[in-house]
Structure formats: structure tokens, C-alpha cells
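Shown next, in C-alpha cells, is the structure this report addresses.
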Amino acid sequence: MSSASQQQATVLKGGEWLIKESSPFETFIPEDFNEEQQMVKDMCASFLDTEVLPIVDRIDKLEQGLMPSLVEKAGEQGLLGTSIPEEFGGLGKDFITATLVNEGLGGGFSFSVAVAAHTGIGTLPILYFGTPEQKARYIPKLATGEWKGAYGLTEPNSGSDALGAKTTAKLSEDGKHYILNGQKCWITNGGFADVYTVFAKVDGDKFTGFIIERGMEGFTQGPEEHKMGIKGSSTVQLYFQDCKVPVENVLGEIGKGHIIAFNILNIGRLKLCAAALGGAKRAFNTSIEYANTREQFKQPISNFGAIKNKIAEMAIQIWVCESALYRSSKWIDNKEVELLGSGKPFNEALLGAAEEYAIECAMLKVFGSEVLDFVVDEGVQIHGGNGFSDEYIISKAYRDSRINRIYEGTNEINRLLTVDMVLKRAMKGKLDLLNPAMAVMKELMSIPDFGSGDEQPFDAEKKLIANFKKAILMTAGAAVQKLQMKIEAEQEILMNIADMAILTYNAESALLRLMKLTDQRGEGQCQLEADMARTYLYDVADKINKYGKDAINAFADGDEQRMMLLGLKRFTKAAAFNSKEARRRISAKILADNRYPL
């Protein structure tokens with residue numbers, strides 16, 4: 001390892017990557033997994049291979065008691081309590097290891113949904129917001145899988161608008177119970193869970209969390225929903241008819257339920273990305289194996305350029321997603337350690353860390369779910385007519401994937417949130433966007449810098465990333481200045497800017513990973529990774545240009561429009577690159593290995 005890798009890197013705050021250059025030495029990459037983390041990864045793969053995948057057809061038929069028993073088996077192996085403190089029966093592992101478990105169990109179709117719901121929204125609200133008595137009662141049994149968890153937020157008329165919920169809670173005359181009335185829908189694990197975190201409005205307006213147990217008076221569940229995908233995931237409606245909930249089962253403070261709901265979603269979004277990544281790798285390997293064995297015109301279809309192109313692009317998307325996910329996970333882990341060191345209790349430390357990087361979590365949710373959708377869609381295409389048959393597992397992966405772009409906040413909501421959170425942090429002085437945006441506008445009026453000609457390795461790629469950021473600052477800054485408070489109603493423009501930001505964050509994450517690997521291994525030892533990173537950068541330059549043009553043309557005209565479009569062209573100009581040959585090299589390596597190689 002070179003001496004450069006020993007540098008002390010400054011960890012950026014949430015959103016700061018947009019205005020500051022990141023160091024490859026602050027990023028965490030999958031190649032950094034320690035021996036214990038590798039063992040955890042192998043354990044997850046083994047569990048899916050032996051316990052879940054051989055019986056996916058039985059799981060999809062909602063065979064009575066099957067899914068709960070699988071959740072319990074996962075608990076016996078410690079896979080449900082990875083990040084739960086040891087005092088509550090968990091393993092007390094770091095955030096990166098917990099993320100790795102989410103990825104590792106992410107290729108198990110409906111089982112992945114059930115276990116993610118249990119360990120995430122089914123357990124974390126109580127772990128982070130419960131009283132000592134509530135934690136002592138529920139968390140040890142949730143950590144082992146003896147009790148299963150679920151979460152009731154969505155209602156028939158309140159999905160993305162969670163605070164528009166109609167379920168009510170009224171204090172009983174004797175002051176011992178809250179009486180709940182209303183219903184919840186699309187409740188994952190709802191048919192077999194023992195413990196539910198449910199939200200209702202006290203006195204008509206105080207949005208509040210409650211811990212509900214199966215069997216409580218006035219609490220019933222509806223029949224299983226019939227869904228397009230994840231058919232083996234229990235999904236029911238919950239009904240509350242004068243349901244009596246002891247006052248000691250109020251979760252958090254009266255009227256502060258939104259704090260629970262939104263903070264849990266920050267963590268859930270990153271974990272969904274991890275699970276989607278795990279599913280994408282499994283679907284990808286299935287497609288590679290098929291391409292290598294399926295013959296047409298007396299040769300494997302993997303010999304054809306059209307298939308090689310698909311294989312390479314699927315690999316690039318997965319590799320970039322992996323790079324962005326673990327970069328963000330390391331930031332959250334570092335922040336959690338910092339907050340613990342300052343005396344914060346573990347629940348406040350992780351919640352604070354996740355809130356710090358809520359922007360990145362929202363972007364990851366969008367990207368991870370769309371990578372999975374892309375991989376399974378191309379997987380079906382590689383399988384041809386067989387991909388449309390239930391006899392081939394890729395058809396199941398295709399159906400099961402679609403939900404990921406909807407729950408944990410739709411991808412449209414998460415795109416809007418990404419820009420909204422950045423702008424709000426700027427308004428509060430937590431993120432200085434004004435000065436960098438003004439500097440970019442000043443640069444537009446100057447002669448372009450063509451460089452000294454004495455470039456160091458990766459200088460061209462680093463400059464391209466820096467220019468992508470300038471394109472975002474220019475576009476977003478001008479839109480805010482022009483539209484001011486009306487910008488909230490211009491969702492198309494906001495989503496254009498969000499897509500520019502997501503692509504830039506991903507591209508920078510990929511480049512940082514390549515730079516770190518090159519530092520560790522030496523030049524010439526990272527051809528595959530270099531091809532993937534550079535192909536991605538080359539492709540996203542055009543995409544960022546397109547999103548930027550769409551945004552600028554929507555709010556600007558005249559000289560202002562012409563100046564910004566010229567600036568956008570300058571900021572998204574990538575050097576000529578033979579992406580076809582790069583993709584051929586990528587696919588050759590992957591097809592030879594017959595699996596995702598990293």
C-alpha cells in the first residue's frame with residue numbers, strides 16, 4: 001500500500017459532497033470487508049441457498065406457518081439482531097455489517113421482504129424510541145425471531161401523505177387505555193406478526209405511535225392480499241374497532257409520531273438499497289449462467305455482442321450501486337461512532353447519523369431500486385421467451401422487483417425529498433450552496449480553463465466530476481433564484497435536478513472506489529474496475545446534460561437560457577471513449593467467471 005493511502009481523510013457532512021472534493025481514502029468499499037464481515041456475507045448466502053431458495057414455490061403459496069418458521073431460523077443464526085445491542089440479545093455489530101446482512105439476504109424474494117420488514121420497521125421504532133420497559137419486553141424476542149414485527153403507517157387514503165392518516169386514538173375515561181379506531185393497509189408481515197408499531201391521531205391532530213400486540217381487544221387483521229409480486233410476503237389490512245391499548249404502550253411522545261416515522265424511513269431507505277443490490281446480484285448471476293448455456297446458431301448466446309453489452313451494463317450498474325451504498329454506510333457508521341463518543345445513547349447516535357445522511361439515503365433508495373428493476377428486466381430479455389415462463393426464476397425476480405420503487409416512499413417522493421433537503425439545509429446555513437453557485441455563474445463569464453497539460457492519474461475524471469457538480473449548482477441556483485417559492489410546484493424541474501445529483505454521487509463513488517483500489521493494488525491491476533468506472537462516467541455525462549437541459553428550458557429564456565445551455569455543454573463534455581470495447585472487456589471477464597466477479 002502506498003504512503004498516500006495513510007492520509008487522514010475528512011469525512012464530509014450530508015450533502016457536502018456536492019460542493020467539496022471527496023478523498024478516496026475516506027470511502028469504504030466492499031474490498032475493505034474484514035474477515036468477520038466476509039463470514040457474515042457467506043452465512044447469509046448459505047442461509048438463502050439452503051433454507052429459502054429450494055422452497056420459494058411453497059413460500060409463494062403462503063403455506064401456513066412457513067414464513068414465520070424461516071424468520072425464526074434466521075434469528076437462531078443471529079441474522080435478525082446484527083445491530084441490536086448485546087444487552088437486548090443482539091450481536092451489537094457496526095452499521096456496515098448490518099448493511100451487509102441486508103444485502104446478503106436480499107436475494108430471497110418474499111423472504112427478503114419479510115425479514116427486512118421485521119428487522120427494520122418492525123423492530124427499530126421500539127429499539128430507538130421505546131421506554132426501557134418497552135425495550136426490555138419486546139426487543140429480546142424480536143432479536144431472536146420468537147416474536148415477529150410489523151409496522152402500520154399507510155391507510156387507504158394516506159400513502160405518501162402519511163400525516164393525512166385518519167386512524168384515531170382517544171384516552172379512555174379511566175385514563176388507562178387509548179381507544180383506537182381506523183384501519184391500516186399494505187401491512188407487510190401483518191398476517192403473522194406478534195408486535196405492530198401503529199400510528200394514530202390523538203384528539204384528532206396529535207400524530208402518535210403505539211405498540212400493538214396481536215390479540216388485543218378490538219384489533220383484527222384482514223385476509224391476505226393477492227399481489228403482482230412478492231406473493232409469499234404476508235400483506236393484510238389491520239382493523240381497529242374500539243381497540244384498547246394500554247397507555248404504557250404509547251411509543252415516544254404524544255404528537256411526536258412523525259419523528260419516529262420519518263427517522264425510521266431514513267435507515268429503511270438505505271437498507272432497501274442494500275436488499276435490492278443483493279437481489280440484483282442474484283438475478284444477474286442467473287442471467288449469466290443462462291447466457292453461457294443457452295445456444296442459438298450453434299453457439300452460446302453469450303458470444304453475441306448484443307448480449308455482451310447487456311451483461312456489461314448490468315455489471316456496471318451493480319458495481320456503481322455497491323460503491324455508493326458502502327461509501328454512504330461508512331459515513332453513517334463514522335457519525336454514529338462520533339456521536340457515541342460525545343455521550344449520546346446508542347439510539348440517538350444512529351438516528352442522528354442517519355438524519356445527517358438522509359439526502360444520501362433517499363438517493364440510494366431511488367438508485368438501488370432502479371438498478372434492480374433494470375437488471376431483472378434485462379435478465380428476462382436475455383432469457384427470451386423462457387424469461388416469461390414461471391418455470392424460470394428470472395420471471396419471479398421480475399415481478400418481485402417492482403414493489404421496491406413504491407415502498408419506503410415512492411421514487412418520485414424520494415427525488416423531491418433529495419432536492420428539498422438540500423435546499424432546506426442551505427436555507428438554515430448548514431450547507432453553503434450560495435457561494436459555490438455564484439462562483440459557477442462567474443466562471444460561465446470567463447474563458448474556459450484548458451489545463452496545464454501536465455495531468456496526473458485520474459485528473460481528467462476528477463475534473464469531469466467537479467464539472468458535473470457545477471452543472472447541478474448552476475441549474476439549481478438559477479431555478480431557485482428565478483422561481484423562488486414557486487419552485488415547490490415545479491416537480492418536473494426538481495426531479496431533473498435530483499437525477500443530476502444522483503448520477504453525480506454515483507459517478508463520484510465509482511471513481512473513488514477505483515482510485516482507492518489503484519492505490520492498494522498498483523496501476524495496471526484494476527482494468528475491470530477502470531472500465532466500469534470510466535464507462536459509467538462517459539454515459540452519465542450525456543444523461544446529466546439531458547436532465548440539465550430539460551430543467552433549464554423549463555424556467556429560463558433569452559440570453560440567460562443560452563448562457564446556461566452553453567455552460568451545461570461545457571460542464572458535461574467528456575473525452576472520446578470507446579465504451580463498446582470497454583463493455584466487451586467487462587463481459588469477457590464476467591462470462592469467463594460465470595458470475596458477478598467482485
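At position 208 of the sequence shown (counting the first as 1) the number is 208 in the UniProt record's numbering, and the numbers step up by one without a gap.
Every residue, glycine too, gets a C-beta built ideally from N, C-alpha and C.
(message) So, for L503: in the same chain, excluding its five sequence neighbours on each side, which residues have a beta-carbon less than 7 Å away from its beta-carbon?
(response) V540, K543 and I544
(message) I'd like to check one pair, L598 with P140: are the Cβ atoms closer than 8 Å?
(response) no
(message) For K176, count the other beta carbons within 10 Å of its own beta carbon; 16 or more makes it buried, fewer makes it exposed. Which is it?
(response) exposed
(message) Does H226 pass the burial test, meaning 16 or more other C-beta atoms within 10 Å, or should it be called exposed?
(response) exposed
(request) Please classify E119: does DSSP put it in a helix, a strand, or coil? (result) Here the sequence assigns Thr to residue 119, which means Glu is not the residue at that position. Three-state result, T119: helix.
(request) In angstroms with no decimal places, state the Cα-to-Cα distance between A349 and G255. (result) Approximately 22 Å between the Cα atoms of the pair.
(message) Checking 8 Å against the spacing of the C-beta atoms, do L473 and V440 come in under that value?
(response) yes
(message) Tell me the DSSP secondary structure of H177 in three-state form.
(response) In the structure shown, H177 sits in a strand (DSSP, three-state: E or B).
(request) Write down the C-beta distance between T167 and A136 rounded to the nearest angstrom, noting that I regard them as a contact closer than 8 Å. (result) So it is not a contact: roughly 27 Å between Cβ atoms.
(message) Can you list, in chain order, the residues of its chain with a C-beta nearer than 6 Å to that of Q456? Leave out the 5 residues immediately preceding and following it.
(response) none
(request) Compare the beta carbon distance of F468 and A507 with 8 Å and say whether it is the shorter of the two. (result) Contact: yes.
(request) Look up K201 in the DSSP assignment and give the residues it is bridged to. (result) Beta-bridge analysis with DSSP links K201 to T168 and F207.
(message) On the DSSP letters alone, give me the boundaries of the beta strand (DSSP E) that L238 sits inside.
(response) T235 to P246
(request) Tell me whether G15 is buried or exposed, calling it buried when 16 or more other Cβ atoms sit within 10 Å of its Cβ. (result) Label assigned to G15: buried.
(request) Measure the beta-carbon distance from T475 to M500 and round it to whole angstroms, keeping in mind my assumption that it falls under 8 Å. (result) 7 Å
(message) I need the DSSP call for T220, collapsed to helix, strand or coil.
(response) strand
(message) Can you give me the C-alpha to C-alpha distance between G104 and K148, rounded to a whole angstrom?
(response) Those two C-alpha atoms are separated by around 20 Å.
(message) Can you find the residues in the same chain that come closer than 7 Å, C-beta to C-beta, to K73, ignoring five residues on each side of it along the sequence?
(response) E51
(message) Strictly by DSSP, which residues pair up with A150?
(response) Y196
(request) Per DSSP, which residues does I158 bridge with? Please list them. (result) Looking at the sequence itself, residue 158 is Ser, so the reference to Ile does not match. E155.
(message) With a threshold of 7 Å on Cβ separation, who are the neighbours of I393 within its own chain once the five nearest residues in sequence on each side are excluded?
(response) T286
(message) I need the straight-line Cα distance from W331 to A261, nearest angstrom please.
(response) 22 Å
(message) Let me confirm a value: P448 is counted as buried when at least 16 other C-beta atoms fall within 10 Å, else exposed. Which label applies?
(response) exposed
(message) By alpha-carbon positions, which one of T188, E133, L431 and N102 ends up nearest to G278?
(response) N102
(request) With a 10 Å radius around its C-beta and 16 neighbouring C-beta atoms as the bar for buried, classify G429 as buried or exposed. (result) exposed
(request) Using the Cα positions of Q6 and E21, report the straight-line distance between them to the nearest angstrom. (result) Note that Q6 scores 43 on pLDDT, short of 50, meaning its location in the model is unreliable and no value can be drawn from it.
(request) List the endpoints of the continuous alpha helix (DSSP H) containing A439. (result) The continuous alpha helix (DSSP H) containing A439 extends over residues L434 to L444.
(request) Please look up how many angstroms separate the CB atoms of P251 and G130, rounded, as I've assumed it's under 8 Å. (result) Before going further, note that residue 251 is Leu rather than Pro in the sequence given. Right, their Cβ atoms sit about 6 Å apart.
(request) Using beta-carbon positions only, say whether P85 and G92 come within less than 8 Å of one another. (result) yes
(request) Count the other C-beta atoms from every protein chain shown that fall within 10 angstroms of the C-beta of G558, then say buried if there are 16 or more, exposed otherwise. (result) exposed
(message) Let me check one thing: in DSSP terms, what residues is K428 bridge-paired to?
(response) Its beta-bridge partners do not exist; DSSP assigns none.
(request) Identify, in the order they occur along the chain, each residue of the same chain with its Cβ nearer than 6 Å to the Cβ of A437, setting aside the five sequence neighbours on each side. (result) L473 and G477
(message) Tell me the residue span of the alpha helix (DSSP H) that contains S579.
(response) S579 to D593
(request) Within the same chain, show all residues whose beta-carbon is closer than 6 Å to that of M1, passing over the 5 residues directly before and after it, in chain order. (result) Confidence at M1 is low in this model, with a pLDDT of 38, below 50, so the placement of that residue is unreliable and no value is reported for it.
(request) Tell me whether Q8 is buried or exposed, calling it buried when 16 or more other Cβ atoms sit within 10 Å of its Cβ. (result) Confidence at Q8 is low in this model, with a pLDDT of 49, below 50, so its placement is unreliable and no value can be given for it.
(message) Comparing C-alpha positions only, which one of D194, F210 and C361 sits nearest to I181?
(response) Here residue 181 is Asn; the residue named in the question, Ile, does not match the sequence. The shortest C-alpha separation from N181 is found at F210.
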